[in-house]
Amino acid sequence: MTNVEKVINSCCISYYHNSTVMIRKNSAKISLFHNFSKEKEKKCHFKMVLPISFYLCIDSFTKSKCNNVDSKTFLKLARNSKLYKKCMKPFMCLFRFLPLSGRKIIVNNYNGKGYGDNAKYIVDEIRRQQLTYDLVWIVEDGSNIELPAGIRKVRMWSLRCIYELSTAKVIISNVKNYLPFLKRSSQYYIQTWHGPVPFKYIEQDAVDLLSPRYIKESQQNSSITDVMISCNAISTRLFRNSFWYDGEVYECGAPRSDIFFSGQSVKDQLKKQMGVAEGQRIVLYCPTFRDNGSINAYDIDTHQILNTLQKTTGQSWVMMIRMHPNDSKGIARFTFDQSVMNMTNYPDMQELIFVADMQISDYSSTIAEFIIMQKPVFIYASDLEEYSQSCRGLSPAYYELPIHINRTNDELIQSIEQYDEAQYRQALVPYLQHYNSFDDGHASERVVERIKCVIDGTFRKPDRAVGQNHKN
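0 is the number of the first residue of the sequence shown in numbering that gives the first Met the number 0; add one for each residue after it.
Written as structure tokens, this is what we have:
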């Protein structure tokens, strides 16, 4: 540890001791966790998870209905509390004065999810070029996420996470939730977002449906963002009009879409890794989540679909089920076997899209990615009225899709039976012209070039904030 880190560490331990005294005066239940926290203290160093989280959440915890919760679960509850986050502010202020690590890049993917989305392909390109950057990936508590060699893990909302964010030169994120650091003018924040075209109302267009807390976090995130990555003309307009954002939009394509331009050998290798037999074709079912938590709409008849596909194509098919990261209950609706595979926890959604031969979805923005590759898409939306009225609502972009909306399983089966590839591709032509994709397989390279310029000090902000296109 450096001298600065030793001082900070000493302050943390002192803060913990003082807080423990307060806890003992206010709650008898702290004894359940005190031994655990003492063990943490024995191993205390700069990487420790601040034990004061016990103090910050003990009041809300004792009022909860959970009586027997293990220390790991309790720690997770603690970190998610508003009080914990407020009490981290002094450390954010303190770390803001520590030296900036000029070659450090930290990544937040869906607030601690696995190695995927746009950031994965950006980091892969950095590794491919063998750039000597310090790469840090934020992970959830207790997660067993596997990362490539040379990438360090840091737990979301830990003290170390605040330190890494505060001292990184480049921060990459794909969501607009609050991150625990105070951005400096010398830091560079890249917002990649996580979808091509949203078909439901989001951000400012859904302001009446979003929580005040999220709105505040999203606005704060926009205020510290230096550049947003756009993959099509529709997204560029959306970022400007609906994201509380007036900074640069870089029309470089989506790094996560680079894989779509890979060859057949890459696809065959991925299918083998996923356990798909040679010659089998794949239909990917990937619905979006419901704000009201309902899982009733995930009632597709998986085996009837597979039987129909085998009958109409004369080939063997498997179905991959991929639930949205915000939906933890929907997977319970399905029964899995050799022909129906649970891919919800597969780290990279783009690889699933790449290997799939066909998609079934409802309101997911991934529909646009299948259309870009001109792969067949079938929409199954049994809760269309409910979703459009009681959830986020659907934007005009959804109804502009050149795809029939199936409301029942019988309709879906009929659409699959009547599919005509030539007619489908012809219907896509005007939509693709309107969509105006910037993807060409080189988006990751462009983003890494931008990062290199930022890190070596040669980057200059463009005169024009919006619509910076790689073709210009």
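Glycine included, every Cβ here is placed at the ideal spot set by N, Cα and C.
Apart from the five residues on each side of it in sequence, which residues of its chain come closer than 6 Å, Cβ to Cβ, to residue i?
| i | result |
| --- | --- |
| K460 | none |
| T457 | none |
| I144 | G113 and V138 |
| F333 | I320 |
| Y387 | One point to set straight first is that residue 387 is Ser, not Tyr, in the sequence displayed. Around S387: L393. |
| L181 | M91 and R95 |
| D347 | G115 |
| T478 | The structure shown has nothing for residue 478, since the chain only spans 0 to 471. |
| I402 | V376 and I378 |
| R255 | D116, N117, Y120 and Q349 |
Is the shortest distance between the beta-carbon of residue i and the beta-carbons of chain B less than 8 Å?
| i | result |
| --- | --- |
| G329 | Among the chains in the structure shown there is no chain B, since it carries only a single protein chain. |
To the nearest whole angstrom, what separates the beta carbons of residue i and residue j, a pair I think is in contact under 8 Å?
| i | j | result |
| --- | --- | --- |
| T287 | R321 | 11 Å between Cβ atoms; not a contact. |
| M227 | G246 | 7 Å |
| Y284 | I359 | 5 Å |
| S172 | Q190 | 6 Å |
| D257 | A118 | So it is not a contact: roughly 13 Å between Cβ atoms. |
| I299 | L411 | 7 Å |
| E216 | K270 | Between K270 and E216 the Cβ distance is about 39 Å, and since that is not below 8 Å, they are no contact. |
| N325 | S389 | Not quite, the Cβ-Cβ distance comes to about 17 Å (not below 8 Å), so this is no contact. |
| F259 | M372 | 6 Å |
| L208 | R391 | 6 Å |
| Q303 | N408 | 7 Å |
For a quick check, are the C-beta atoms of residue i and residue j less than 8 Å apart?
| i | j | result |
| --- | --- | --- |
| V135 | I161 | no |
| L474 | I404 | The structure shown does not extend to residue 474, since the chain spans only 0 to 471, so no value can be given for it. |
| P197 | S364 | yes |
| R127 | G149 | no |
| D438 | A205 | no |
| R183 | R102 | no |
| L164 | L146 | no |
| I345 | D361 | According to the sequence as given, residue 345 is Tyr; it is not Ile. Not a contact, by the Cβ cut-off of 8 Å. |
| Q263 | W243 | no |
| I170 | Q186 | yes |
| A296 | S381 | yes |
| V282 | D225 | no |
| V446 | I121 | yes |
| P375 | Y423 | yes |
| V248 | V317 | no |
| I330 | N341 | yes |
| I415 | L305 | no |
| F368 | E124 | Strictly speaking, residue 368 in this sequence is Glu, with Phe absent from that position. Going by C-beta atoms, E368 is not nearer than 8 Å to E124. |
Please work out which residues of its chain come closer than 7 Å, Cβ to Cβ, to residue i, disregarding the five sequence neighbours upstream and downstream, and give them in chain order.
| i | result |
| --- | --- |
| S100 | D133, T166, A167 and K168 |
| S234 | P195 and V196 |
| N231 | P195, V196, Y434, N435, S436 and F437 |
| E350 | I258 and L269 |
| R406 | A380, S381 and L383 |
| G440 | D257 and F260 |
In its own chain, which residues sit with a C-beta less than 8 Å from the C-beta of residue i, not counting the 5 before and 5 after it?
| i | result |
| --- | --- |
| V153 | I105, V135, W136, I137, V138, R159, C160 and E163 |
| D455 | none |
| I214 | V206 |
If you compare alpha carbons, which of the options is closest to residue i?
| i | options | result |
| --- | --- | --- |
| Q417 | Q425, V453 and F377 | F377 |
| K199 | Q373, Y398, N408 and S381 | Y398 |
| D140 | Q129, W156 and R151 | W156 |
| C453 | N176, Y188 and T312 | Checking the sequence, you will find Val at residue 453 rather than Cys. For V453, the nearest C-alpha among the options comes from Y188. |
| G278 | S315, Q337, V265 and I294 | S315 |
| R212 | D267, E250, K81 and L130 | K81 |
| H193 | S293, G313, N107 and R239 | N107 |
| N240 | Q203, D267 and I223 | Q203 |
| D267 | D455, L93, V354 and P395 | V354 |
| R280 | P98, G313 and L130 | G313 |
| T311 | D419, N110, S293 and P395 | D419 |
| I294 | Q432, E448 and E385 | E385 |
| H323 | Y109, R151, L93 and L130 | Y109 |
| R449 | C251, G111, P89 and L97 | C251 |
| A396 | I366, Q413, Q425 and A421 | I366 |
Query raised in the report: Can you list, in chain order, the stretches of the beta strand (DSSP E) that have 3 or more residues and sit fully within the region 115-182?
Result: 133-138, 150-154 and 167-172
Report task. Counting only runs of 4+ residues fully inside the region 430-465, write out the alpha helix (DSSP H) ranges in chain order. Result -> 442-455
Query raised in the report: What are the uninterrupted segments assigned as beta strand (DSSP E) that are 3 or more residues long and contained completely in the region 181-242, given in chain order?
Result: 187-190 and 226-228
**Report entry** Runs of alpha helix (DSSP H) wholly within the region 333-401 (minimum 4 residues, chain order)
**Finding:** 348-354, 365-371, 383-389 and 395-398
Query raised in the report: Curious, which full-length beta strand (DSSP E) runs of at least 3 residues does the region 235-287 contain?
Result: 247-250 and 280-284, all fully within the region 235-287.
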